[in-house]
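Working notes, beginning with the structure itself.
Residue numbers (full-length UniProt numbering): 1 to 440.
Right, dumping it as C-alpha coordinates:
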(Lines of atoms letter the chains of each structure in order from A and count residues from 1; the text may use other names and numbers.)
(Lines give C-alpha, C1' and ligand atoms only; values in the text may rest on other atoms or scores of the structure.)
Protein backbone atom coordinates (compact mmCIF):
# COMPACT_ATOMS: atom_id res chain seq x y z
CA UNK A 1 0.00 0.00 0.00
CA UNK A 2 0.98 3.60 -0.37
CA UNK A 3 -0.56 5.99 2.16
CA UNK A 4 0.46 8.85 -0.14
CA UNK A 5 -0.98 7.01 -3.10
CA UNK A 6 -3.24 8.70 -5.63
CA UNK A 7 -1.03 11.07 -7.59
CA UNK A 8 2.20 9.21 -7.14
CA UNK A 9 4.06 6.67 -9.19
CA UNK A 10 4.22 3.03 -8.18
CA UNK A 11 7.69 1.57 -8.14
CA UNK A 12 7.81 -2.10 -7.35
CA UNK A 13 11.44 -2.94 -6.72
CA UNK A 14 11.71 -6.60 -5.86
CA UNK A 15 14.24 -9.39 -5.94
CA UNK A 16 16.21 -9.69 -9.12
CA UNK A 17 17.06 -13.33 -9.61
CA UNK A 18 19.51 -14.90 -12.00
CA UNK A 19 18.45 -17.07 -14.92
CA UNK A 20 19.28 -20.38 -13.25
CA UNK A 21 19.08 -19.61 -9.54
CA UNK A 22 16.52 -18.48 -7.01
CA UNK A 23 19.25 -17.10 -4.79
CA UNK A 24 18.55 -13.61 -3.59
CA UNK A 25 21.06 -11.05 -4.84
CA UNK A 26 19.49 -7.70 -4.01
CA UNK A 27 16.45 -6.51 -2.11
CA UNK A 28 15.22 -3.02 -2.79
CA UNK A 29 11.69 -2.14 -1.77
CA UNK A 30 9.46 0.40 -3.52
CA UNK A 31 10.97 3.85 -3.90
CA UNK A 32 8.27 5.33 -1.72
CA UNK A 33 10.12 7.66 0.63
CA UNK A 34 12.36 9.36 -1.92
CA UNK A 35 9.61 9.89 -4.46
CA UNK A 36 7.14 11.03 -1.81
CA UNK A 37 9.65 13.65 -0.66
CA UNK A 38 10.05 14.81 -4.25
CA UNK A 39 6.30 15.17 -4.67
CA UNK A 40 5.94 17.18 -1.47
CA UNK A 41 8.86 19.43 -2.41
CA UNK A 42 7.44 20.14 -5.86
CA UNK A 43 3.84 20.67 -4.84
CA UNK A 44 2.78 21.96 -1.41
CA UNK A 45 -0.88 21.05 -2.02
CA UNK A 46 0.00 17.43 -2.71
CA UNK A 47 -0.72 16.00 0.73
CA UNK A 48 -3.99 17.89 1.05
CA UNK A 49 -5.05 16.81 -2.43
CA UNK A 50 -4.33 13.17 -1.61
CA UNK A 51 -6.33 13.42 1.57
CA UNK A 52 -9.22 15.00 -0.32
CA UNK A 53 -9.22 12.21 -2.85
CA UNK A 54 -9.17 9.51 -0.18
CA UNK A 55 -12.05 11.26 1.58
CA UNK A 56 -13.97 11.26 -1.69
CA UNK A 57 -13.30 7.55 -2.10
CA UNK A 58 -14.58 6.90 1.41
CA UNK A 59 -17.77 8.82 0.64
CA UNK A 60 -18.28 6.88 -2.58
CA UNK A 61 -17.69 3.59 -0.78
CA UNK A 62 -20.35 4.41 1.80
CA UNK A 63 -22.79 5.34 -0.95
CA UNK A 64 -22.53 1.88 -2.52
CA UNK A 65 -21.81 3.39 -5.93
CA UNK A 66 -18.98 0.95 -6.62
CA UNK A 67 -21.33 -2.02 -6.54
CA UNK A 68 -23.66 -0.33 -9.01
CA UNK A 69 -21.00 0.61 -11.55
CA UNK A 70 -19.32 -2.82 -11.32
CA UNK A 71 -22.44 -4.75 -12.33
CA UNK A 72 -21.16 -5.31 -15.88
CA UNK A 73 -17.83 -6.79 -16.91
CA UNK A 74 -15.35 -4.33 -18.40
CA UNK A 75 -13.08 -5.59 -21.17
CA UNK A 76 -9.89 -3.52 -21.43
CA UNK A 77 -7.98 -3.58 -24.74
CA UNK A 78 -4.26 -4.11 -24.20
CA UNK A 79 -1.34 -3.24 -26.44
CA UNK A 80 2.01 -4.81 -25.58
CA UNK A 81 5.00 -2.79 -26.79
CA UNK A 82 8.05 -5.07 -26.91
CA UNK A 83 11.07 -2.74 -26.96
CA UNK A 84 14.13 -4.90 -27.57
CA UNK A 85 17.79 -4.55 -28.52
CA UNK A 86 17.98 -7.69 -30.65
CA UNK A 87 19.44 -6.47 -33.92
CA UNK A 88 18.70 -9.65 -35.87
CA UNK A 89 15.04 -9.60 -34.85
CA UNK A 90 15.01 -13.11 -33.38
CA UNK A 91 11.87 -13.69 -31.33
CA UNK A 92 11.95 -15.68 -28.09
CA UNK A 93 14.70 -17.62 -26.38
CA UNK A 94 17.01 -17.26 -23.41
CA UNK A 95 17.93 -13.72 -22.34
CA UNK A 96 16.10 -12.25 -25.33
CA UNK A 97 14.11 -9.09 -24.64
CA UNK A 98 12.21 -9.70 -27.88
CA UNK A 99 9.90 -12.15 -26.13
CA UNK A 100 7.63 -14.60 -27.93
CA UNK A 101 3.95 -14.24 -28.72
CA UNK A 102 3.30 -17.28 -26.53
CA UNK A 103 4.83 -15.56 -23.51
CA UNK A 104 2.57 -12.56 -24.12
CA UNK A 105 -0.54 -14.68 -24.60
CA UNK A 106 0.24 -16.51 -21.36
CA UNK A 107 0.37 -13.19 -19.52
CA UNK A 108 -3.08 -12.21 -20.81
CA UNK A 109 -4.38 -15.60 -19.67
CA UNK A 110 -2.97 -15.05 -16.16
CA UNK A 111 -4.49 -11.58 -15.92
CA UNK A 112 -7.94 -12.92 -16.73
CA UNK A 113 -7.58 -15.78 -14.25
CA UNK A 114 -6.54 -13.37 -11.51
CA UNK A 115 -8.94 -10.50 -12.11
CA UNK A 116 -11.90 -12.83 -12.79
CA UNK A 117 -11.10 -15.28 -9.95
CA UNK A 118 -11.52 -18.14 -12.39
CA UNK A 119 -12.21 -21.57 -10.96
CA UNK A 120 -9.67 -24.35 -11.47
CA UNK A 121 -6.85 -21.86 -12.04
CA UNK A 122 -4.13 -20.31 -9.88
CA UNK A 123 -6.32 -17.21 -9.68
CA UNK A 124 -9.10 -18.91 -7.75
CA UNK A 125 -9.60 -18.74 -3.99
CA UNK A 126 -12.29 -19.84 -1.54
CA UNK A 127 -11.98 -16.81 0.72
CA UNK A 128 -15.45 -15.29 1.30
CA UNK A 129 -14.04 -11.81 0.72
CA UNK A 130 -12.28 -12.88 -2.49
CA UNK A 131 -13.59 -10.92 -5.49
CA UNK A 132 -14.20 -11.41 -9.16
CA UNK A 133 -13.15 -7.87 -10.10
CA UNK A 134 -15.32 -8.02 -13.26
CA UNK A 135 -12.46 -6.78 -15.42
CA UNK A 136 -10.93 -8.79 -18.23
CA UNK A 137 -8.12 -8.04 -20.65
CA UNK A 138 -7.77 -8.73 -24.37
CA UNK A 139 -5.03 -7.90 -26.82
CA UNK A 140 -6.29 -5.07 -29.00
CA UNK A 141 -7.69 -6.18 -32.36
CA UNK A 142 -7.69 -2.70 -33.91
CA UNK A 143 -5.10 0.06 -33.72
CA UNK A 144 -5.84 3.77 -33.13
CA UNK A 145 -6.56 4.16 -36.85
CA UNK A 146 -9.02 1.29 -36.90
CA UNK A 147 -6.67 -1.09 -38.72
CA UNK A 148 -6.34 -4.75 -37.82
CA UNK A 149 -3.68 -5.65 -35.26
CA UNK A 150 -2.73 -8.50 -32.96
CA UNK A 151 -2.03 -6.05 -30.13
CA UNK A 152 1.72 -6.78 -30.10
CA UNK A 153 4.12 -4.10 -31.35
CA UNK A 154 7.81 -4.98 -31.65
CA UNK A 155 10.36 -2.18 -31.93
CA UNK A 156 14.14 -2.25 -31.91
CA UNK A 157 16.09 0.16 -29.71
CA UNK A 158 19.86 0.29 -29.39
CA UNK A 159 19.53 1.31 -25.75
CA UNK A 160 20.54 -1.51 -23.40
CA UNK A 161 18.10 -0.65 -20.62
CA UNK A 162 15.56 1.85 -19.33
CA UNK A 163 15.33 3.27 -15.82
CA UNK A 164 11.68 3.09 -14.64
CA UNK A 165 12.41 5.70 -11.97
CA UNK A 166 13.25 8.19 -14.71
CA UNK A 167 10.26 10.02 -16.18
CA UNK A 168 12.43 10.81 -19.19
CA UNK A 169 13.17 7.13 -19.84
CA UNK A 170 9.48 6.28 -19.54
CA UNK A 171 8.65 9.10 -21.92
CA UNK A 172 11.32 7.80 -24.31
CA UNK A 173 9.72 4.35 -24.32
CA UNK A 174 6.32 5.86 -25.01
CA UNK A 175 7.81 7.88 -27.84
CA UNK A 176 9.41 4.78 -29.36
CA UNK A 177 6.04 3.02 -29.33
CA UNK A 178 2.85 4.15 -27.66
CA UNK A 179 -0.90 4.28 -28.24
CA UNK A 180 -3.46 6.65 -26.67
CA UNK A 181 -3.50 5.92 -22.95
CA UNK A 182 -7.15 6.92 -22.62
CA UNK A 183 -8.16 4.20 -25.10
CA UNK A 184 -5.78 1.32 -24.37
CA UNK A 185 -3.84 -0.18 -21.50
CA UNK A 186 -0.27 0.22 -22.74
CA UNK A 187 2.22 -2.32 -21.40
CA UNK A 188 5.89 -1.77 -22.23
CA UNK A 189 8.00 -4.93 -22.00
CA UNK A 190 11.71 -4.24 -22.15
CA UNK A 191 14.98 -4.40 -20.23
CA UNK A 192 14.51 -2.40 -17.04
CA UNK A 193 17.78 -1.23 -15.51
CA UNK A 194 18.89 -1.94 -11.96
CA UNK A 195 16.96 -4.54 -9.97
CA UNK A 196 13.51 -3.40 -11.02
CA UNK A 197 11.05 -5.80 -12.60
CA UNK A 198 7.85 -3.77 -12.50
CA UNK A 199 6.49 -0.24 -12.47
CA UNK A 200 3.11 1.40 -13.05
CA UNK A 201 1.82 4.93 -13.24
CA UNK A 202 -1.06 5.61 -10.91
CA UNK A 203 -4.24 7.05 -12.42
CA UNK A 204 -4.31 10.78 -13.04
CA UNK A 205 -5.99 12.79 -10.34
CA UNK A 206 -8.98 15.03 -10.09
CA UNK A 207 -7.66 17.77 -12.33
CA UNK A 208 -6.52 20.08 -9.52
CA UNK A 209 -4.32 22.96 -10.62
CA UNK A 210 -0.60 22.42 -10.24
CA UNK A 211 -0.67 18.65 -10.17
CA UNK A 212 0.03 17.93 -13.83
CA UNK A 213 3.81 18.05 -13.34
CA UNK A 214 3.77 15.19 -10.84
CA UNK A 215 1.15 13.00 -12.47
CA UNK A 216 3.65 11.77 -15.05
CA UNK A 217 3.51 12.05 -18.80
CA UNK A 218 0.14 11.17 -20.28
CA UNK A 219 1.78 9.16 -23.05
CA UNK A 220 3.59 6.93 -20.53
CA UNK A 221 0.50 6.30 -18.40
CA UNK A 222 0.68 2.53 -18.32
CA UNK A 223 2.66 -0.43 -17.04
CA UNK A 224 6.36 -1.28 -17.51
CA UNK A 225 7.61 -4.83 -16.96
CA UNK A 226 11.06 -6.38 -17.24
CA UNK A 227 10.95 -8.90 -20.06
CA UNK A 228 12.18 -11.68 -17.76
CA UNK A 229 9.15 -11.30 -15.48
CA UNK A 230 6.40 -10.97 -18.10
CA UNK A 231 4.14 -13.93 -18.69
CA UNK A 232 4.81 -17.60 -18.09
CA UNK A 233 7.23 -19.92 -19.81
CA UNK A 234 10.74 -21.40 -19.89
CA UNK A 235 12.47 -18.04 -20.33
CA UNK A 236 11.20 -16.31 -17.20
CA UNK A 237 14.31 -15.33 -15.22
CA UNK A 238 12.98 -16.01 -11.72
CA UNK A 239 11.45 -19.08 -10.11
CA UNK A 240 9.84 -16.84 -7.49
CA UNK A 241 8.20 -14.35 -9.85
CA UNK A 242 7.43 -16.82 -12.63
CA UNK A 243 3.62 -16.96 -12.87
CA UNK A 244 2.86 -13.54 -14.33
CA UNK A 245 1.81 -11.92 -11.06
CA UNK A 246 4.22 -8.98 -11.42
CA UNK A 247 1.95 -7.67 -14.18
CA UNK A 248 -1.18 -8.48 -12.14
CA UNK A 249 0.32 -6.43 -9.30
CA UNK A 250 1.35 -3.48 -11.46
CA UNK A 251 -2.02 -3.26 -13.20
CA UNK A 252 -3.48 -3.13 -9.69
CA UNK A 253 -1.51 0.08 -9.18
CA UNK A 254 -2.62 1.35 -12.60
CA UNK A 255 -6.18 0.80 -11.37
CA UNK A 256 -5.56 2.73 -8.15
CA UNK A 257 -4.66 0.03 -5.61
CA UNK A 258 -1.95 0.53 -3.01
CA UNK A 259 0.34 -1.94 -1.28
CA UNK A 260 -1.29 -3.93 1.50
CA UNK A 261 1.25 -2.77 4.12
CA UNK A 262 0.92 0.92 3.22
CA UNK A 263 4.63 1.38 2.42
CA UNK A 264 5.28 2.20 6.05
CA UNK A 265 5.25 0.29 9.32
CA UNK A 266 1.66 -0.85 9.90
CA UNK A 267 0.45 1.58 7.25
CA UNK A 268 -2.88 1.66 5.45
CA UNK A 269 -4.14 0.94 1.97
CA UNK A 270 -7.53 2.53 2.78
CA UNK A 271 -9.19 -0.87 2.32
CA UNK A 272 -11.21 -2.24 5.24
CA UNK A 273 -10.98 -5.93 4.41
CA UNK A 274 -7.19 -6.22 3.89
CA UNK A 275 -5.57 -6.87 7.29
CA UNK A 276 -3.08 -4.31 8.57
CA UNK A 277 0.47 -5.53 7.97
CA UNK A 278 3.74 -4.39 9.50
CA UNK A 279 5.69 -4.69 6.26
CA UNK A 280 5.89 -6.31 2.85
CA UNK A 281 6.26 -10.06 2.51
CA UNK A 282 9.69 -10.28 0.92
CA UNK A 283 9.98 -14.00 1.54
CA UNK A 284 11.67 -16.12 -1.11
CA UNK A 285 10.06 -19.27 0.26
CA UNK A 286 7.82 -21.14 -2.16
CA UNK A 287 6.08 -22.78 0.80
CA UNK A 288 3.91 -19.68 1.40
CA UNK A 289 4.61 -19.74 5.13
CA UNK A 290 2.14 -17.58 7.11
CA UNK A 291 3.39 -14.17 8.25
CA UNK A 292 2.00 -12.32 11.25
CA UNK A 293 1.94 -8.70 12.46
CA UNK A 294 1.27 -6.99 15.79
CA UNK A 295 -0.04 -3.65 14.60
CA UNK A 296 -3.09 -3.45 16.88
CA UNK A 297 -1.71 -5.10 20.06
CA UNK A 298 -3.17 -8.33 18.72
CA UNK A 299 -1.32 -10.74 16.48
CA UNK A 300 -3.00 -10.95 13.08
CA UNK A 301 -2.16 -12.94 9.97
CA UNK A 302 -0.93 -10.94 6.97
CA UNK A 303 -2.77 -11.51 3.70
CA UNK A 304 0.36 -12.69 1.92
CA UNK A 305 -1.83 -14.17 -0.82
CA UNK A 306 -2.97 -10.70 -1.88
CA UNK A 307 -1.76 -9.58 -5.30
CA UNK A 308 -0.73 -6.21 -3.83
CA UNK A 309 1.86 -7.75 -1.49
CA UNK A 310 5.38 -8.81 -2.54
CA UNK A 311 4.91 -12.54 -2.02
CA UNK A 312 6.19 -15.16 -4.48
CA UNK A 313 3.81 -15.57 -7.40
CA UNK A 314 2.86 -19.07 -6.26
CA UNK A 315 1.39 -17.66 -3.03
CA UNK A 316 -0.84 -15.04 -4.66
CA UNK A 317 -4.52 -15.61 -5.45
CA UNK A 318 -6.75 -12.80 -4.18
CA UNK A 319 -8.17 -9.35 -4.71
CA UNK A 320 -10.68 -8.53 -1.97
CA UNK A 321 -14.17 -7.10 -2.29
CA UNK A 322 -12.83 -3.85 -0.84
CA UNK A 323 -10.09 -3.68 -3.45
CA UNK A 324 -12.66 -4.33 -6.16
CA UNK A 325 -14.71 -1.37 -4.90
CA UNK A 326 -11.66 0.89 -4.95
CA UNK A 327 -10.78 -0.17 -8.49
CA UNK A 328 -14.25 0.62 -9.81
CA UNK A 329 -14.43 3.91 -7.94
CA UNK A 330 -11.05 4.81 -9.41
CA UNK A 331 -12.36 4.04 -12.90
CA UNK A 332 -15.20 6.44 -12.22
CA UNK A 333 -13.20 9.22 -10.52
CA UNK A 334 -9.94 9.35 -12.48
CA UNK A 335 -10.51 11.45 -15.63
CA UNK A 336 -8.23 9.41 -17.87
CA UNK A 337 -9.45 6.03 -16.60
CA UNK A 338 -13.06 7.16 -16.93
CA UNK A 339 -12.43 8.26 -20.50
CA UNK A 340 -10.98 4.84 -21.30
CA UNK A 341 -14.06 3.14 -19.86
CA UNK A 342 -16.35 5.40 -21.87
CA UNK A 343 -14.38 4.74 -25.04
CA UNK A 344 -14.46 0.99 -24.55
CA UNK A 345 -18.17 0.97 -23.79
CA UNK A 346 -19.11 3.10 -26.78
CA UNK A 347 -16.57 1.96 -29.37
CA UNK A 348 -15.37 -1.54 -28.65
CA UNK A 349 -17.31 -3.41 -26.03
CA UNK A 350 -19.90 -5.92 -27.17
CA UNK A 351 -22.30 -7.95 -25.03
CA UNK A 352 -21.62 -11.49 -23.96
CA UNK A 353 -23.48 -14.34 -25.60
CA UNK A 354 -24.10 -17.86 -24.34
CA UNK A 355 -23.34 -19.09 -27.86
CA UNK A 356 -20.67 -18.12 -30.37
CA UNK A 357 -22.24 -15.53 -32.66
CA UNK A 358 -21.00 -13.51 -35.64
CA UNK A 359 -23.26 -10.51 -35.28
CA UNK A 360 -21.92 -8.45 -38.16
CA UNK A 361 -19.16 -8.28 -40.78
CA UNK A 362 -18.24 -5.03 -42.49
CA UNK A 363 -17.50 -3.61 -44.94
CA UNK A 364 -19.01 -6.31 -47.11
CA UNK A 365 -18.23 -6.35 -49.96
CA UNK A 366 -14.65 -5.15 -49.51
CA UNK A 367 -13.22 -2.89 -52.20
CA UNK A 368 -9.61 -2.38 -53.23
CA UNK A 369 -9.65 0.85 -51.20
CA UNK A 370 -10.45 -0.92 -47.95
CA UNK A 371 -9.60 -4.55 -47.34
CA UNK A 372 -9.77 -4.38 -43.52
CA UNK A 373 -12.65 -6.65 -42.52
CA UNK A 374 -14.32 -6.12 -39.15
CA UNK A 375 -16.14 -8.98 -37.41
CA UNK A 376 -18.42 -8.47 -34.44
CA UNK A 377 -17.95 -11.72 -32.55
CA UNK A 378 -19.99 -12.45 -29.42
CA UNK A 379 -18.68 -14.94 -26.86
CA UNK A 380 -19.25 -16.15 -23.34
CA UNK A 381 -16.48 -14.75 -21.14
CA UNK A 382 -12.99 -14.93 -22.63
CA UNK A 383 -11.99 -17.76 -24.97
CA UNK A 384 -9.33 -18.70 -27.49
CA UNK A 385 -10.68 -18.31 -31.02
CA UNK A 386 -9.37 -19.03 -34.50
CA UNK A 387 -10.50 -17.24 -37.66
CA UNK A 388 -10.01 -19.01 -41.00
CA UNK A 389 -10.44 -17.41 -44.41
CA UNK A 390 -11.54 -20.11 -46.87
CA UNK A 391 -11.64 -19.73 -50.67
CA UNK A 392 -14.25 -21.20 -53.04
CA UNK A 393 -12.20 -24.38 -53.46
CA UNK A 394 -12.32 -25.06 -49.73
CA UNK A 395 -8.70 -24.14 -49.10
CA UNK A 396 -7.70 -22.14 -46.03
CA UNK A 397 -5.80 -19.10 -47.32
CA UNK A 398 -5.37 -17.26 -44.02
CA UNK A 399 -5.62 -18.20 -40.34
CA UNK A 400 -5.48 -15.85 -37.37
CA UNK A 401 -5.32 -16.80 -33.68
CA UNK A 402 -6.89 -14.68 -30.92
CA UNK A 403 -6.00 -16.07 -27.48
CA UNK A 404 -8.24 -15.19 -24.52
CA UNK A 405 -10.51 -12.77 -26.32
CA UNK A 406 -13.92 -11.54 -25.17
CA UNK A 407 -16.82 -10.34 -27.32
CA UNK A 408 -15.01 -7.98 -29.65
CA UNK A 409 -14.69 -6.21 -32.95
CA UNK A 410 -12.00 -8.29 -34.63
CA UNK A 411 -9.93 -6.76 -37.41
CA UNK A 412 -8.70 -8.98 -40.27
CA UNK A 413 -6.41 -7.68 -42.99
CA UNK A 414 -7.49 -9.08 -46.39
CA UNK A 415 -5.22 -6.85 -48.47
CA UNK A 416 -3.47 -9.80 -50.15
CA UNK A 417 -6.68 -11.62 -51.06
CA UNK A 418 -7.63 -11.99 -54.73
CA UNK A 419 -11.08 -10.92 -55.85
CA UNK A 420 -13.76 -13.45 -55.07
CA UNK A 421 -16.12 -14.89 -52.48
CA UNK A 422 -14.66 -16.16 -49.21
CA UNK A 423 -16.01 -17.98 -46.19
CA UNK A 424 -14.93 -16.52 -42.85
CA UNK A 425 -15.02 -19.24 -40.21
CA UNK A 426 -14.74 -18.49 -36.48
CA UNK A 427 -13.85 -21.38 -34.19
CA UNK A 428 -13.68 -21.86 -30.42
CA UNK A 429 -12.85 -25.07 -28.58
CA UNK A 430 -16.48 -26.22 -28.82
CA UNK A 431 -18.24 -24.18 -31.51
CA UNK A 432 -17.80 -22.72 -34.96
CA UNK A 433 -19.72 -20.20 -37.04
CA UNK A 434 -19.16 -18.85 -40.55
CA UNK A 435 -20.18 -15.96 -42.77
CA UNK A 436 -19.52 -15.03 -46.42
CA UNK A 437 -17.65 -11.95 -47.59
CA UNK A 438 -16.99 -10.62 -51.07
CA UNK A 439 -13.67 -9.09 -52.13
CA UNK A 440 -13.57 -7.09 -55.36
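By construction, the Cβ of each residue, glycine as well, lies at the ideal position given by its N, Cα and C atoms.
{"Asked": "According to DSSP, is residue 167 part of a helix, a strand, or is it coil?", "Found": "helix"}
{"Asked": "Compare the Cα-Cα distances from residue 79 to each of 177, 170, 131 and 168 and report the closest residue.", "Found": "177"}
{"Asked": "Cβ atoms of residue 274 and residue 317: under 8 Å apart, would you say?", "Found": "no"}
{"Asked": "Report yes if the CB atom of residue 196 is closer than 8 Å to the CB atom of residue 171, and no otherwise.", "Found": "no"}
{"Asked": "So what does DSSP say about residue 437, is it helix, strand or coil?", "Found": "strand"}
{"Asked": "State the DSSP-derived secondary structure class of residue 335, mapped to helix, strand or coil.", "Found": "helix"}
{"Asked": "DSSP has residue 362 in a bridge; who is on the other side?", "Found": "374"}
{"Asked": "For residue 332 and residue 145, I'd like the C-alpha separation in whole angstroms.", "Found": "26 Å"}
{"Asked": "Under three-state DSSP, which class holds residue 79?", "Found": "strand"}
{"Asked": "Where are the beta strand (DSSP E) runs, 3 residues long or more, that stay fully inside the region 235 to 271, in chain order?", "Found": "none"}
{"Asked": "Are there three or more Cβ pairs, one per stretch, closer than 8 Å when the region 131 to 140 is compared with the region 83 to 94?", "Found": "no"}
{"Asked": "In angstroms with no decimal places, state the Cα-to-Cα distance between residue 386 and residue 366.", "Found": "21 Å"}
{"Asked": "Can you check whether the CB of residue 338 is closer than 8 Å to the CB of residue 133?", "Found": "no"}
{"Asked": "If residue 384 and residue 428 are in contact, beta carbons under 8 Å, what's the gap, nearest whole angstrom?", "Found": "7 Å"}
{"Asked": "For residue 287, collect the residues of the same chain with a Cβ closer than 8 Å to its Cβ; drop the 5 residues on either side in sequence, then sort them by chain order.", "Found": "none"}
{"Asked": "What's the gap between the Cα of residue 99 and the Cα of residue 82?", "Found": "7 Å"}
{"Asked": "So the alpha helix (DSSP H) residue 110 belongs to, where does it begin and stop?", "Found": "101 to 115"}
{"Asked": "Closest by CA to residue 382, which one among 181, 411, 76 and 58?", "Found": "76"}
{"Asked": "Between the C-alpha atoms of residue 24 and residue 153, what's the straight-line distance to the nearest angstrom?", "Found": "With a pLDDT of 42 at residue 24, under the threshold of 50, the modelled position of this residue cannot be trusted, and the question is left open."}
{"Asked": "In whole angstroms, what separates the C-alpha of residue 284 from that of residue 160?", "Found": "28 Å"}
{"Asked": "Does the region 295 to 309 come close enough to the region 347 to 361 that 3 or more CB-CB pairs lie under 8 Å?", "Found": "no"}
{"Asked": "Grouping DSSP H, G and I as helix and E and B as strand, with all else coil, what is residue 326?", "Found": "helix"}
{"Asked": "CA-CA distance, residue 313 and residue 245?", "Found": "6 Å"}
{"Asked": "Flag residue 88 as yes if its beta-carbon sits less than 8 Å from any beta-carbon of chain D, otherwise no.", "Found": "Absent from the structure is chain D; it holds one protein chain and no more."}
{"Asked": "Quick check on residue 481: does DSSP put it in helix, strand or coil?", "Found": "A query on residue 481 cannot be resolved here, the shown segment of the chain reaching from 1 to 440 and no further."}
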